[in-house]
Each structure stands twice: as C-alpha cells, then as structure tokens.
Amino acid sequence: MNLEGQNLSPSLIASLSAFWAMVRKELIIMARYPVNFVASFGQVFLIVAVFTLGGSMFYRGVEGGSSGGNPSGVVVYGFMLYMFMGDTLWAIGYNVRHEQVQGTLEQLYLSPASKFANLVSRVANILIWTGLLTITASILMASMIGDLPVENIGLGLYVMAFSLAGTFGLGFAFAALTLYIKETAQTVANFLQFGLLVLCAYFFPFSALPDFVLPISKLIPLSYTVDAFRSTMMGFPPGFPELAPIGFEVVLVTVFGLVMPYLGYVLYRRAENHARRRGSLSAY
Amino acid sequence: MRLLNISRYPGQLVMDVVTPIVFASMPILLGRASGGANAEEVFAANTGTPNYVAYMLIGTSVFTIVSFAFWHMAYWLRWEQETGTLEVLYLAPTNRIWVAAGTALYSCLRSLLAATAVYLFGSLILQVTPFQGQVGLAFLFILVGLIPLYGMTLLYGAVILKVKEANALVNLMQWGVTFLMGVFFPVAIFPPLLKFLALLFPPTWMTNGVRSALLGIGYFFGEWYLDLAVLWAFLLVAPLFGYWVFSKTETSIRRNEGVGQY
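Line by line, the protein sequences give chains C and R.
Under the working numbering, the first residue of the first sequence is numbered 7, with each subsequent residue one higher.
Under the working numbering, the first residue of the second sequence is numbered 724, with each subsequent residue one higher.
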C-alpha cells in the first residue's frame with residue numbers, strides 16, 4: 007500500500023488543519039511549563055543587561071559616547087538575528103531528538119499527516135515565542151544602550167524575512183544531522199552556536215574581528231544577513247555594510263532565503279529515509 | 724565515577740573551556756570596536772585597570788566555577804529525581820550529606836580545571852600575560868569562596884526539589900549570577916539596592932578579590948584581608964543556612980508528595 011501516494015494531493019483545508027493541530031500541540035506543551043516560560047523571559051533580559059553593561063565600560067562617561075559607530079544599532083539588530091539563529095539551531099533538531107527519545111517519532115511517521123507540516127510546525131512555535139522575546143528584549147536593550155536608529159524599515163523587513171527563511175533552512179539541515187549523530191547533536195549545536203556567534207559578529211562590528219578570522223566570516227551566508235540587516239536598519243552609516251556592497255548582500259540574502267529552506271528540507275528527507283531504511287528512526 | 728563518566732565525553736570538556744572564552748570575547752570585541760583608540764583609557768576610568776582582556780577573562784573564569792557549582796548540583800538532584808533513584812538514596816544507610824559532598828567535590832575539581840584552562844587559553848588567544856600580580860592571593864580568594872558557594876547550591880537544590888523544572892531555573896540562575904557578581908563590569912555601577920544584593924552574594928567578593936589581587940583594581944574594604952574576612956564570614960554562615968533550608972524543604976516534601984515525584 008502506497009501511503010505516501012495517497013497523501014500527495016490532500017485538500018488544502020485538511021493540510022492546514024493538520025498543520026494547525028501540530029502548532030497547537032507545540033504551544034500546549036510550551037504552556038504546560040509556566041516556570042520555563044517566565045524564566046526564559048527573565049533570562050533574555052539578564053543576557054541583554056550583562057553584555058550591554060560589559061560593553062558600556064568602553065564608552066561610559068565619555069563625551070559623545072562611542073567612537074566606533076552606533077553600538078546600540080550594532081548590538082540590538084545583531085541580537086535580533088542571533089535569537090532566531092540560536093533558537094532555530096536548537097529547537098528544530100532538539101524537537102526531533104525529543105520525539106525520538108520519548109518514542110513518538112516513529113509513530114508520527116506511521117500517521118498519514120504531512121511530514122513537511124510536522125517540521126514547519128516547530129518553526130511556527132519559534133516564530134511566535136522567539137519573536138515575542140526578541141521584540142521585548144530589543145526594546146529593553148535599546149533603552150539601556152541609547153538611541154536605536156530605525157531607518158529603511160521596508161528593506162530591513164525584507165532582509166529579515168529572507169534571513170529567517172534561510173535560518174530555518176539551516177534548522178532543517180541540522181535536524182537532518184541530528185537523525186544521524188543522535189546524542190552528539192547537543193554538543194555540535196553548542197559548538198555551532200558559539201562558533202557562529204563570533205564568526206557572524208552578531209554583537210560587534212566585523213571590523214573588530216582579527217584579520218585571520220574575517221575571511222572565514224565572509225564564507226558564511228549568515229554573516230551577510232547580519233551585515234545587511236543592521237546596515238539597512240542603521241541607515242548605512244559610514245563603514246557599513248562592512249563585508250560587501252548592499253546590492254550584492256541583498257541578492258545573496260534573497261538567494262539564501264529561497265534556496266536554504268528547500269535544501270534543508272531535502273537533506274532532512276534524505277536523513278529520514280536513511281533512518282527508515284535502517285530502522286533507526288526510533289533508536290537514540 | 725562522575726569523573727570517569729565525563730572523561731567519556733571529550734567534546735563536552737572542550738566546550739567547558741571554549742564557551743566562557745567566547746562569552747568574554749563578546750564585550751571585548753564590542754568594546755574594542757566602540758571604544759576605538761581610547762578603549763583602554765575609558766575602560767580604566769570605569770573599572771580601575773586598562774587591562775580589559777584580563778579583567779573580562781578573570782570574570783568569565785570565576786563565573787565558570789560559580790556556574791558549574793549550580794549546574795552540577797541542580798542537575799545531580801534532577802537526574803536522580805527523573806531516573807527514580809532519589810527516593811532510593813533516602814532509603815540507603817548513608818548520610819545524604821556525604822553523597823552531596825561527593826558531587827560537590829567532583830564539581831569543584833572539574834570547575835577549577837576548566838576555569839584555569841579558560842584563563843590560560845584565553846590569555847594565550849587574546850594575548851595577555853596570565854601571571855601578573857599576586858597569583859597566590861587570587862587563588863586563596865577562590866578556595867575560600869568555594870565553600871560558601873557550594874553552601875548556596877544547597878539553597879538552590881531546595882528550589883529544584885520544590886519547583887522541579889531544573890532546566891529553566893538553572894538557565895535563569897546562570898545569567899542572574901553573571902549579572903550580580905559583575906562578570907564583565909564592576910558592581911559599583913549598580914544602584915544602591917542592587918549593589919547591596921550583589922554584596923550579599925559570595926561570588927561577587929571572589930571575583931573582585933581575584934581581580935584586585937591580579938590587576939590591582941582595589942578591594943571593597945581597601946585591604947585584601949578585610950575582603951577575605953568577609954568571605955570567611957560567608958564560609959561560616961552560607962553552608963549552615965543552605966543546609967537548614969534544604970533540610971526543611973526536604974522534610975516538607977517527604978511529608979507530602981514524597982521525593983520520588985517529579
């Protein structure tokens with residue numbers, strides 16, 4: 007019996023309904039842990055306070071503030087993208103792993119529900135929760151560091167949307183890797199998160215990176231998303247964008263946002279088929 | 724047994740060292756970019772030393788010790804709860820304080836090794852001299868601070884027993900501690916009430932003691948022995964207070980739902 011074949015053309019309403027049910031399941035699980043819910047808010051505020059106060063030791067009390075660009079714009083806009091990158095890398099792969107550990111991943115594959123909707127439902131959760139956290143924390147951060155420049159909102163939102171699409175694609179690819187490497191995924195996610203934190207210069211300008219690190223940063227598409235987004239939102243101050251002309255960066259971010267989700271999903275399906283053939287979907 | 728376990732995960736041991744260095748590099752790189760040519764001068768005016776790299780590295784190294792203490796103790800309790808062995812421990816003829824002390828000793832060894840590696844590797848990567856000032860005195864501040872620190876983890880253990888959601892609480896605590904102990908900035912910039920709260924927290928005295936011994940930024944009470952005396956006072960009070968709160972919570976839970984429930 008070809009179950010996949012039967013589900014190739016389900017009605018749109020049925021697909022949306024299944025998708026919504028999956029999103030609701032994720033939201034219900036989140037709501038069942040109120041301490042977690044409140045603590046993650048508090049945690050973000052504290053992270054913001056620690057880094058901004060630490061950075062402020064270099065320009066606090068100086069007439070005219072910072073001498074190297076607008077620290078508020080650099081930090082806050084970088085922070086927005088970092089929140090999504092960190093959560094995506096963790097959440098999608100971690101969710102798949104969690105389903106594996108609790109023994110429900112194999113059951114999900116026996117159900118006739120769309121596998122794509124299953125994966126995307128985890129993104130919806132991140133968009134709602136991380137989006138809320140990011141907006142609140144950014145306001146707090148801007149109030150602590152100083153005036154936040156807000157320019158070119160239209161282009162900024164465009165860059166952000168495609169950056170997030172690309173980041174979610176990375177999340178799918180990482181979920182694929184999780185199916186292969188299992189428990190080691192947590193260490194790899196940690197390592198990637200911290201590596202990208204420095205290489206993509208989320209909290210400081212690229213000019214602060216040592217000379218030997220900059221060429222590596224230029225090889226990572228995420229670096230261009232960070233540079234393009236914050237340069238656009240800051241109104242292209244002198245020296246920004248730092249990695250390439252804005253036209254090139256916008257094209258690159260668009261391609262990244264269009265190709266990466268597709269590529270990530272293809273990789274995920276491959277990993278999933280590999281696991282199903284080997285019978286290792288429920289092994290963890 | 725725990726040391727043997729962790730030796731099976733070399734990747735985790737590497738991350739123990741990499742993560743704090745990455746944390747410290749964030750304000751260092753942001754500061755270098757935003758402070759420009761006057762970065763050292765402005766930093767010295769705000770903190771008492773122009774050596775901002777060493778200042779941040781000391782902060783992140785002490786933070787490694789503090790963070791590990793809370794993580795290891797909280798996760799040990801939570802793990803025993805989840806695997807169903809916590810109740811069994813209560814039935815064993817061994818005093819629980821020795822079981823907790825074993826976990827604390829493992830945590831101490833791991834965190835001291837990690838913090839030393841963070842400081843040495845961080846100094847090497849970020850090109851500062853690691854051995855400057857009074858190294859012995861700095862180490863003394865760390866050693867004296869360890870006992871009140873682990874005493875405080877008992878308070879935290881009581882919260883874990885009661886609330887149970889260890890992950891969220893440990894994460895929140897980790898950043899709360901980072902904030903209060905002034906990992907990347909002096910607590911002098913806090914408003915009076917927050918500063919008072921920070922000074923009630925032993926790791927704040929550890930961090931400032933180590934920084935003053937190595938970088939000469941100035942002790943809270945002007946002399947090293949006065950600051951050390953405060954840590955000694957914490958050493959006497961914190962473990963007893965922690966144990967008292969932990970015992971009260973434990974008794975209350977055993978009378979009600981029992982320690983096996985999570």
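Built from N, CA and C at the ideal position, the CB exists for glycine as well.
Interface residues of the segment 21 to 42 of chain C facing chain R [CB-CB below 8 Å] | Tyr39, Val41, Asn42
What is the DSSP secondary structure of Gln12/C, reduced to helix, strand or coil?
-> As a position in the first sequence, residue 12/C is number 6, starting the count at 1. Note that Gln12/C scores a pLDDT of 48, beneath 50, so its modelled location is shaky and nothing firm can be said.
Please classify Glu291/C: does DSSP put it in a helix, a strand, or coil?
-> Not covered by the structure: residue 291/C. The range shown for chain C is 7 to 290.
Just how far apart, CA to CA, sit Asn131/C and Tyr271/C?
-> Numbered from 1 along the first sequence, position 125 holds the residue referred to as residue 131/C. Numbered from 1 along the first sequence, position 265 holds the residue referred to as residue 271/C. So the two alpha carbons sit approximately 18 Å from each other.
Does DSSP classify Ser970/R as helix, strand or coil?
-> The sequence position of residue 970/R within the second sequence is 247, counting from 1. Here Ser970/R sits in helix by DSSP.
Please report the Cβ distance between Met63/C and Gly939/R, rounded to the nearest whole angstrom; I am assuming they are in contact, meaning their Cβ atoms lie under 8 Å.
-> The residue labelled residue 63/C in the question sits at position 57 within the first sequence. The residue labelled residue 939/R in the question sits at position 216 within the second sequence. Wrong, their Cβ atoms sit about 17 Å apart, outside the cutoff.
Does the segment 731 to 742 of chain R come within contact of the segment 186 to 203 of chain C, defined as at least 3 CB pairs closer than 8 Å?
-> yes
Where Ala824/R falls, given that 16 or more other Cβ within 10 Å makes a residue buried | Taking the first residue of the second sequence as 1, we reach residue 824/R at position 101. So Ala824/R counts as exposed.
Are the segment 109 to 124 of chain C and the segment 20 to 32 of chain C in contact at 8 Å, needing three or more beta carbon pairs?
-> yes
Quick one: what's got a C-beta closer than 8 Å to Gln12/C's C-beta in the same chain, skipping five residues either side?
-> Taking the first sequence and counting its residues from 1, the one referred to as residue 12/C is at position 6. Note that Gln12/C scores 48 on pLDDT, short of 50, meaning its location in the model is unreliable; the coordinates nonetheless yield the value given after this. Here the set comprises Pro118.
Cα-Cα, which of Ser46/C, Phe254/C, Thr260/C is closest to Thr142/C?
-> Sequence index remark: in the first sequence, residue 142/C carries index 136 (1-based). Out of Ser46/C, Phe254/C, Thr260/C, Ser46/C has the C-alpha closest to the C-alpha of Thr142/C.
Trp794/R at chain C interface by Cβ criterion, 8 Å | In the second sequence, counting from the first residue as 1, residue 794/R sits at position 71. Not an interface residue.
Candidates Tyr208/C, Phe57/C, Phe178/C, Ala214/C: closest to Ala234/C by CA position | Locating residue 234/C in the first sequence gives position 228, where the first residue counts as 1. Looking at the Cα atoms, Tyr208/C is the closest of the given residues.
Check whether the Cβ atoms of Thr238/C and Val165/C lie closer than 8 Å to each other.
-> The residue labelled residue 238/C in the question sits at position 232 within the first sequence. The residue labelled residue 165/C in the question sits at position 159 within the first sequence. In this structure, Val165/C lies closer than 8 Å to Thr238/C by Cβ.
Beta carbon of Gln49/C nearer than 8 Å to that of Leu878/R = Walking along the first sequence from the start, residue 49/C turns up at place 43. Walking along the second sequence from the start, residue 878/R turns up at place 155. Contact flag unset, no.
Indicate the three-state DSSP secondary structure (helix, strand or coil) for Asp217/C in the structure shown.
-> What you label residue 217/C is simply residue 211 of the first sequence in a count that begins at 1. Of the three classes helix, strand and coil, the one that applies to Asp217/C here is coil, per DSSP.
Cβ-based burial, Asn279/C [other Cβ within 10 Å; buried from 16] = Here the question's residue 279/C lines up with position 273 in the first sequence. Answer is exposed; the Cβ neighbour count stays below 16.
For Ser730/R and Val886/R, the rounded distance between their alpha carbons = In the second sequence, the residue the question calls residue 886/R occupies position 163. In the second sequence, the residue the question calls residue 730/R occupies position 7. Rounded to whole angstroms, Val886/R to Ser730/R spans 31 Å at the Cα level.
Looking at the structure shown, is Val156/C part of a helix, part of a strand, or coil, going by DSSP?
-> Numbered from its first residue, the first sequence carries residue 156/C at position 150. Three-state DSSP puts Val156/C in coil, outside helix and strand.
Ala148/C: which of Phe51/C, Leu133/C, Tyr230/C, Val44/C sits nearest, CA to CA?
-> Counting from 1 along the first sequence, the entry for residue 148/C is found at position 142. Nearest C-alpha to Ala148/C: Phe51/C.
Would you mind stating whether Ile781/R and Leu59/C have Cβ atoms separated by less than 8 Å?
-> As a first step, residue 781/R must be located in the second sequence, where it is residue number 58. As a first step, residue 59/C must be located in the first sequence, where it is residue number 53. Not closer than 8 Å, so no.
Status (buried if at least 16 other CB within 10 Å, exposed otherwise) for Asp950/R | By 1-based counting over the second sequence, the position of residue 950/R is 227. Asp950/R should be labelled buried.
Taking any Cβ of chain R, which residues in the segment 214 to 237 of chain C have a Cβ under 8 Å from it, in chain order?
-> Ala214, Leu215
Measure from the C-beta of Ile912/R to each C-beta in chain C and report whether the shortest distance is under 8 Å.
-> The residue you call residue 912/R lines up with position 189 of the second sequence. By this cut-off, Ile912/R is an interface position.
Mind listing the chain R neighbours of Gly245/C? Cutoff is C-beta to C-beta under 8 Å, in chain order.
-> Here residue 245/C is taken as the residue at index 239 of the first sequence, counted from 1. Simply none; closest approach about 10 Å.
Pick from Lys971/R, Val867/R, Phe746/R, Leu832/R that is closest to Phe791/R, judged by C-alpha positions | Mapped onto the second sequence, residue 791/R falls at position 68. Out of Lys971/R, Val867/R, Phe746/R, Leu832/R, Leu832/R has the C-alpha closest to the C-alpha of Phe791/R.
Of all the residues that make up the segment 834 to 851 of chain R, which are near chain C by a beta-carbon distance shorter than 9 Å?
-> none
Would you say Val933/R reaches chain C, if we count a Cβ-Cβ gap shorter than 8 Å as a contact?
-> As a position in the second sequence, residue 933/R is number 210, starting the count at 1. No - not a single Cβ of chain C is within 8 Å of the one on Val933/R.
CB of Pro2/C within 8 Å of CB of Gly172/C, strictly = Here chain C comprises residues numbered 7 to 290, so residue 2/C is not present and cannot be evaluated.
Could you tell me whether the Cβ of Met239/C comes closer than 8 Å to any Cβ of chain R?
-> Looking up residue 239/C in the first sequence gives position 233. So, not an interface residue.
Rounded separation between Leu736/R and Asn761/R - CA only | Here residue 736/R is taken as the residue at index 13 of the second sequence, counted from 1. Here residue 761/R is taken as the residue at index 38 of the second sequence, counted from 1. Leu736/R and Asn761/R: Cα-Cα distance of roughly 37 Å.
Taking the C-alpha atoms as reference points, what is the distance between Pro1063/R and Gly67/C?
-> This structure leaves residue 1063/R out entirely; chain R is present only between 724 and 985.
Nearest-angstrom Cα separation, counted from Ala961/R out to Leu872/R | Here residue 872/R corresponds to residue number 149 of the second sequence, with the count starting at 1. Here residue 961/R corresponds to residue number 238 of the second sequence, with the count starting at 1. Roughly 8 Å between the two C-alpha positions.
Answer with yes or no whether the minimum CB distance from Gln113/C to chain R is below 8 Å.
-> As a working mapping, residue 113/C is identified with position 107 in the first sequence. False, the Cβ-Cβ gap to chain R never drops below 8 Å.
With 16 as the cutoff for other CB atoms within 10 Å, does Trp821/R come out buried or exposed?
-> Numbered from 1 along the second sequence, position 98 holds the residue referred to as residue 821/R. It counts as exposed.
Under 8 Å between C-beta atoms, does Ala756/R make it to chain C?
-> Here residue 756/R refers to the residue found at position 33 when the second sequence is read from its first residue. It does; some Cβ of chain C falls within 8 Å.
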